[in-house]
Amino acid sequence: MSLRATARIAADADGGLPLLVSDGPLALRRTRASGPYTRVTVVGAMSAPLGGDRLAVETEVRDGARLLVDSAAATLALPGRSAEPAAYDVRIAVGEDGVLRWLPEQVVSVQGSHLRMRTAVELAATARLVLREEQILGRHGEPPGTLVTRLTVRRAGRPLLDQELAFGPGAPGGWDGGAVLGGHRATGQLLVVDPAFEDKPVPSRLLGEFAAVTPLAGPAALVTAVAPDALAVRRLLDIALSELAPF
Numbered sequence: 035m036s037l038r039a040t041a042r043i044a045a046d047a048d049g050g051l052p053l054l055v056s057d058g059p060l061a062l063r064r065t066r067a068s069g070p071y072t073r074v075t076v077v078g079a080m081s082a083p084l085g086g087d088r089l090a091v092e093t094e095v096r097d098g099a100r101l102l103v104d105s106a107a108a109t110l111a112l113p114g115r116s117a118e119p120a121a122y123d124v125r126i127a128v129g130e131d132g133v134l135r136w137l138p139e140q141v142v143s144v145q146g147s148h149l150r151m152r153t154a155v156e157l158a159a160t161a162r163l164v165l166r167e168e169q170i171l172g173r174h175g176e177p178p179g180t181l182v183t184r185l186t187v188r189r190a191g192r193p194l195l196d197q198e199l200a201f202g203p204g205a206p207g208g209w210d211g212g213a214v215l216g217g218h219r220a221t222g223q224l225l226v227v228d229p230a231f232e233d234k235p236v237p238s239r240l241l242g243e244f245a246a247v248t249p250l251a252g253p254a255a256l257v258t259a260v261a262p263d264a265l266a267v268r269r270l271l272d273i274a275l276s277e278l279a280p281f
């Protein structure tokens with residue numbers, strides 16, 4: 035039987051969490067944070083998502099709030115009894131002068147799985163955002179399942195970024211070729227949105243051989259990386275994170 039679950043978070047400027055609702059495999063815990071952030075950690079309470087599951091996390095960062103959301107472990111997309119793809123939706127809203135650091139662990143696409151992830155973000159004009167996504171295509175020594183991710187970001191009601199990535203069986207034939215992953219099985223993206231970039235745009239540049247920083251009209255910067263494994267991708271994105279998002 036397929037699972038339906040939605041977890042919800044709301045953060046206030048005074049550090050309070052007026053809404054912190056766990057559901058099914060999505061257990062939310064307030065955890066200790068350093069600095070000015072309120073921190074929430076997503077703890078997997080059971081194996082999910084499986085084929086046919088419908089999971090969602092809804093997050094509201096209210097005006098002036100500063101929230102860090104991370105996870106205790108990687109998310110494993112697993113095959114299930116249903117032939118239907120699993121769905122994992124993340125819906126985020128950040129108010130005026132709000133700051134969100136969305137830093138979950140990797141998504142691992144296990145052989146035989148089929149997961150569709152959608153992340154939709156609405157930002158106020160003065161909001162700041164750090165959002166990291168990492169995809170690991172198969173466990174060690176196995177081919178990946180099918181993984182499709184879409185990230186849509188709007189700022190002050192206007193489109194900022196809309197991109198879709200597809201990997202594994204059923205994805206376009208060149209997904210693992212030289213023009214996309216070049217045979218690598220780990221990839222990641224880091225998006226930083228900061229009004230300060232309006233006066234000082236981020237320059238385009240390479241980070242090593244397999245990562246690049248791209249400025250976006252918005253103001254924002256997108257870092258894209260590929261690597262042989264999860265550790266190498268994280269190292270590349272951590273370098274960019276320290277440079278682009280000191281807040």
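Quick note: the sequence shown uses my numbering, first residue 35, plus one each step. Note that the Cβ used here is the ideal one computed from N, Cα and C, for glycine as well. Keep in mind it's a predicted model, so treat the numbers as computed, not measured.
| Check | Outcome |
| --- | --- |
| Boundaries (first-last residue) of the alpha helix (DSSP H) holding L278 | A264 to L278 |
| Residues near Q140 by beta carbon distance below 6 Å, same chain, minus five either side | A108, E168, I170 and A264 |
| Sub-8 Å separation of P20 and D104 beta-carbons | An answer regarding residue 20 cannot be provided, because it is not within the stretch 35 to 281 covered by the chain. |
| Contact check, A254 vs L194, beta carbons under 8 Å | yes |
| R192: first and last residue of the uninterrupted beta strand (DSSP E) it sits in | R192 to F201 |
| In chain order, each beta strand (DSSP E) run of at least 3 residues that lies wholly inside the region 198 to 249 | 220 to 227 |
| Selection from P52, I126 and E176 that minimises the alpha carbon distance to G146 | E176 |
| Candidates L54, G49, Y71 and T65, of which the one nearest L163 by Cα | Y71 |
| Backbone secondary structure at Q145 - three-state DSSP | coil |
| Beta-carbon proximity check, P249 vs P262, cutoff 8 Å | no |
| T160 - containing beta strand (DSSP E), residue span | It is not in any beta strand (DSSP E) - T160 carries neither H nor E in the DSSP assignment. |
| Beta-carbon proximity list for W136, same chain, < 6 Å, skipping 5 on both sides | V103 and L165 |
| Beta-carbon spacing of E130, G85 below 8 Å | no |
| Helix, strand or coil at E168 [DSSP, three-state] | strand |
| S81 - DSSP class collapsed to helix/strand/coil | coil |
| G58 versus P178, A90, T65 and G216, residue with shortest Cα-Cα distance | A90 |
| Separation of R64 from V74, as counted between CA atoms | 5 Å |
| Outcome for H174 when other beta-carbon atoms lying within 10 angstroms are tallied against a minimum of 16 | exposed |
| Nearest-angstrom beta carbon gap, A154 and A220 [assumed within contact, 8 Å] | No, A220 and A154 are not in contact; Cβ-Cβ is about 25 Å, not under 8 Å. |
| Option nearest R100 by Cα separation, candidates D48, I126 and S81 | D48 |
| C-beta contact flag for L149 and A111 at 8 Å | yes |
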